[in-house]
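Accompanying notes for the structure given below.
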Amino acid sequence: MISKILSPEFGHFTLALACCLAGAQFIIPLMGSKVKNNRLMALASPLAWGQFFALALAFACLITAAITDDFSVQNILQNSAADKPLLYKITGVWGNHEGSILLWAFILAFFGAIVSAYSEHLPLSLRAKVIAIMGGSAAGFELFCLTTSNPFLRVWPAPLDGQGMNPLLQDPGLAFHPPILYMGYVGFSVPFAFAVAALLEGKVDAAWGRWVRPWTVLAWALLTCGIALGSWWSYYVLGWGGYWFWDPVENASLLPWLTGTALLHSALVVEKREALKVWTILLAIGTFSLSLSGTFLVRSGILNSVHAFASDPARGVFILLLLAVISGGALLLFAWRAPTLTQTGIFTFFSREGSIVLNNILLCTMAAVVLTGTLYPPFIQLINGQTLSVGKPFFDNALIPIALVLFLAMAIGPVIAFKKGNLKQTAKTLSVAALISIPCIIIAFIYLHQILPSLATGLCVWIILSACSDFIKHIALFKTSLGNTINRMAGLPRSFYATYIAHIGVAITVLGIVGMAASQQKIVEVPINTTIHLAGYDWTLTNITDRQGPNYIATEAVIKVSKDGQPITWMVPARHYFQRQQQVVTDVAIHTNFVSDLYAVLGDSKNSTQATPLFVLRLHYNPLAPWIWIGGLIMTIGGFITLTDRRFRVGSPAHRKKAKDI
Amino acid sequence: MQDITRRRLLWSLPFATAAVAGGGFLAMLSRLRKGNFDPREINTPILNKPIPSFTLADQPPSTGFNQQELQQQTKPVLINFFASWCIPCLTEMGVLQQLSSHIAIWGIAYKDKPDAVAGFLQRNSNPYRRIGQDPDGSVGIDWGLSGVPESFLIMPGGIIKWHYPKPLTATSTKTLLSFVQ
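Protein chains in written order, with the working numbering: chain A, 104 to 765; chain B, 7 to 187.
Listed below in structure tokens is the structure:
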């Protein structure tokens, strides 16, 4: 029944409707602010909601078609099949180009709607402009969807079964990685809209900084989570034993993360000191532009990447046009209007603001390095036809030294006072952390025999300990009564906790990365009942069996792992053969105790017809590997805690002023 | 020049940068459409050129070689970069085995440990006449290596005639042998 109502044609219609509403959402409020008509400006919010509901219906139609196996829809035919598990029928909707663009537009409309819900206290003309800018970008994406990537196209005659989905994508980690990642990318459209609105208004003040910050934090937290999920997926699905490959598409997600992290901090200076205004506006524009260009690069086929979307130059031209209008337009406006913004705040170099300037310089340098490394190969090929690839050695050599300076500063920054820091007091707070971190570097060097990872280890300890010692100083632990300490703990602003939790998250991720640098691995080709020694563990291949899965045949190896004769675990790495796609997907076996991972992959077995067949096994011992994603999760949690801070919760600007006075 | 104009010019630098990048992308897209731009293509900078200069230490069970020795060969030689840690190399061994009766194959063990390579060759029966070590991958860089396995056909005199940046297959072997005969 429901599939009759939510038909693909209805979806197509609601998509077109959403596009029209988004166009109106762009034009009407801007006209209203031009002619100073409050009624026209007030239309922004209902239009944003209307666009959101229309797009939600369109999205529901596509999901309905996927669930009901409507193979007359080209998109479902190409990416689904009757025997695909239900979860992947739903998540498969955004596992392809057309569906993912619809998801992108849907999330953009969703952010437009929640911005209008949470911005009632904003000045009417600023609010109208922010929502209008969001509507404009959404209209562009919906037009893109309608003209070059329509997910609702029908085919005739309708085949009985679909062509199936890439088995690699049939995984819960990948089912939720794109929506969260997109929410991060698209979330940066809100700071972007605020930046463009501020340029149109010609005014940036502390209140603007306070409004834009929670949206930046939200987008940043979602992007962090999305990147961490993607990296985790590549670790446990691809079976290459790595977690980050400097693939152009990975870099495309790292770029807005780096500039978004810079934005997150610089907006704080706007809020506190009304300084760095022009820079913050540029970062907001740049971050969303980088999110957009990431999408462009992935879908145009310009970059050589493992993330192969069905790329099409015609689509590339459309997105490039969209980028030119959105980012190019914003940057032109920036060039024209930014010089008229007045700078007021003053601060000395040794202050919280000063440390944030350093943070911004370092993060943006890292972003510039990643951007150069990513775009160098296509541009070199364009200019002189030479093909080359830029990989890990370049990024490691160029980024690690900058990152080390950043880690050094990360611990000091939050301890320094705003406006003018006290060198002596800061040094006192940090002295214990420094005293413990230096021996840590030496100990790490004894184990790792490499200078840079050892320095990174020491600096991570430094970040964690200095956070702890600043916390102890603030709650006056052991210096006052216990009750007083608890009162002080409860009285500390949430953003205080959030900062340190996020910073500790970074340190934990970096420790994980350093640990992975010391990982050990072995590739062996062995018959059944052979024991392999790796990293102090005995890995015994005990059996190989075949099993029928829902839409694949699995070959499973059973490995018994023991240490010093004590059994630790049984691991079952497998290979899944999907008949429909004639594709083999490795199913990695991972045993984790949250300090290290045992990681086993079953490789291609040849000569299985021989009397004693040999099986290829790849075994890894990955110390601290789980910390990479645990750290990402902690950063995300830190971001969400900031959102609950009283500054952002308190209602209207009038209330806020009072809160500030206290 | 007025102060505001100067500042406007300064602040249009981000736009200018973005415009240059956008122009580059547009050029790539139009060439992609015409089919003369392939980001996945791997062309060897030294194809149809003399081999670079190098010297490789012995890799047991065979002996290493250098530029002069390779140049002085009177018959074509297939240079094959491989490694014991590379699973595609393992699958390629069968093809190399068959090929070794038609052409001399010289191996270069790329970023590998001598023991690991010796064990690998023992398990997979060695198709190589000579094997040299490239432990830090620096010879690979001079050859413009994109990864392992990668094969280069060297004609007498030391000219690189053909190049295959993937595991050799039955079809690619045919192309290779057509150059030799």
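All C-beta atoms, glycine included, are put in the ideal place defined by N, C-alpha and C.
Bear in mind the structure is a predicted one, so any value in this text is a computation, not a measurement.
Inset, instruction - Using a Cβ-Cβ cut-off of less than 7 Å, list which residues of the region 605-636 of chain A approach chain B; keep chain order. - result: Identification of residues in the region 605-636 of chain A having a C-beta nearer than 7 Å to some C-beta of chain B yields I626, E628, given in sequence order.
Legend entry - For Y680(A) and I647(A), believed in contact at Cβ under 8 Å, the rounded distance: Contact flag wrong, Cβ pair sits at about 14 Å.
Inset, instruction - Give a yes or no on contact between the region 151-164 of chain B and the region 85-99 of chain B, applying the rule of three or more CB pairs nearer than 8 Å. - result: yes
Inset, instruction - Apply the 10 Å Cβ neighbour rule to M469(A) and answer buried if 16 or more other Cβ atoms are within range, or exposed otherwise. - result: buried
Legend entry - Cross-chain neighbours of R14(B) in chain A, by beta carbon under 7 Å: A438, W439, P442
Legend entry - Spatial distance of S106(B) from K172(B) (CA atoms): 18 Å
Inset, instruction - Can you have a look at D121(B) and say buried or exposed, based on whether 16 or more other CB atoms are within 10 angstroms of its CB? - result: By the 10 Å Cβ count, D121(B) comes out exposed.
Legend entry - Inter-residue spacing [alpha-carbon to alpha-carbon] between D764(A) and L371(A): The pLDDT assigned to D764(A) is 40, lower than 50, so where the model puts this residue is not dependable; a value taken from the coordinates is nonetheless given after this. The alpha-carbon atoms of D764(A) and L371(A) are separated by roughly 18 Å.
Legend entry - Proximal residues to Q637(A) (C-beta, below 7 Å), its chain only, five neighbours per side dropped: Position check: residue 637(A) holds Leu in this sequence, whereas Gln was assumed. Counting only Cβ-Cβ distances below 7 Å, and skipping sequence neighbours, we find Q623, K625, L722, Y724.
Legend entry - Helix, strand or coil at V666(A) [DSSP, three-state]: It should be noted that the sequence gives Lys, not Val, for residue 666(A). Strand.
Legend entry - Among L357(A), E353(A), P653(A), V299(A), the one whose alpha carbon lies nearest that of A438(A): V299(A)
Inset, instruction - Jot down the residue ranges of each uninterrupted alpha helix (DSSP H) in the region 8-34 of chain B, minimum 4 residues, whole runs only, in chain order. - result: Fully enclosed alpha helix (DSSP H) runs of 4 or longer: 9-17.
Legend entry - Listed by chain order, chain B residues near L435(A) by CB distance under 7 Å: F21
Inset, instruction - Specify, as a first and last residue, the run of the beta strand (DSSP E) that E156(B) falls within. - result: 156-161
Legend entry - Below-8 Å beta-carbon distance, F116(A) vs any chain B residue: no
Legend entry - chain E contact for P45(B) (CB, 8 Å cutoff): Chain labels in this structure do not include chain E; the protein chains are A and B.
Inset, instruction - Apply the 10 Å Cβ neighbour rule to Y338(A) and answer buried if 16 or more other Cβ atoms are within range, or exposed otherwise. - result: buried
Legend entry - Proximity to K119(B) [Cα-Cα], best of S36(B), S90(B), W112(B), R136(B): S90(B)
Inset, instruction - Find out if the Cβ-Cβ distance for the pair L507(A), C563(A) is shorter than 8 Å. - result: Going by C-beta atoms, L507(A) is not nearer than 8 Å to C563(A).
Inset, instruction - State yes or no: is the beta carbon of S18(B) nearer than 8 Å to at least one beta carbon in chain A? - result: It does; some Cβ of chain A falls within 8 Å.
Inset, instruction - Taking 8 Å as the threshold, find out whether the region 256-266 of chain A comes into contact with the region 216-225 of chain A through three or more Cβ pairs. - result: no
Inset, instruction - Determine the extent of the beta strand (DSSP E) in which F453(A) is found, giving its start and end residues. - result: Note, F453(A): premise wrong, no beta strand (DSSP E); not H, not E.
Inset, instruction - Classify T560(A) as helix, strand or coil using the three-state DSSP reduction. - result: helix
Inset, instruction - Taking only beta-carbon positions, decide if A176(B) is within less than 8 Å of chain A. - result: no
Inset, instruction - Locate the beta strand (DSSP E) running through W168(B), then write down its first and last residues. - result: 165-170
Legend entry - chain B contacts made by the region 453-478 of chain A, where a contact means CB separation under 7 Å: From the region 453-478 of chain A, no residue has a Cβ closer than 7 Å to chain B.
Legend entry - Per-residue contacts from V719(A) into chain B (C-beta, under 9 Å): I93, L96
Inset, instruction - Compute the distance between the beta-carbons of G164(B) and L19(B), then report whether it is under 8 Å. - result: no
Legend entry - Spatial neighbours of F174(A) in its chain, beta-carbon cut-off 6 Å, leaving aside the 5 residues before and after: Taken in chain order, the residues that qualify are L180, A261, P262, G265.
Legend entry - Inter-residue Cα distance where the pair is L92(A) and A355(A): Residue 92(A) lies beyond the range of chain A shown here (104 to 765); nothing can be said about it.
Legend entry - Cβ separation of M99(B) and P481(A), assumed to be a contact under 8 Å, to the nearest whole Å: 35 Å between Cβ atoms; not a contact.
Inset, instruction - Might you give, ordered along the chain, the residues of its own chain that have their beta carbon closer than 6 Å to the beta carbon of N462(A), omitting 5 neighbours on each side? - result: H368
Inset, instruction - Consider the Cβ of F31(B): report whether some Cβ of chain A lies at a distance smaller than 8 Å. - result: Taking 8 Å as the CB threshold, F31(B) lines the interface with chain A.
Inset, instruction - Note down the Cα distance separating Y134(B) from G70(B), rounded to an integer number of angstroms. - result: 11 Å
Inset, instruction - Please confirm whether K666(A) and Y702(A) have their CB atoms less than 8 Å apart. - result: no
Legend entry - The alpha helix (DSSP H) enclosing P270(A), as first and last residue numbers: No alpha helix (DSSP H) contains P270(A), which DSSP labels as neither H nor E.
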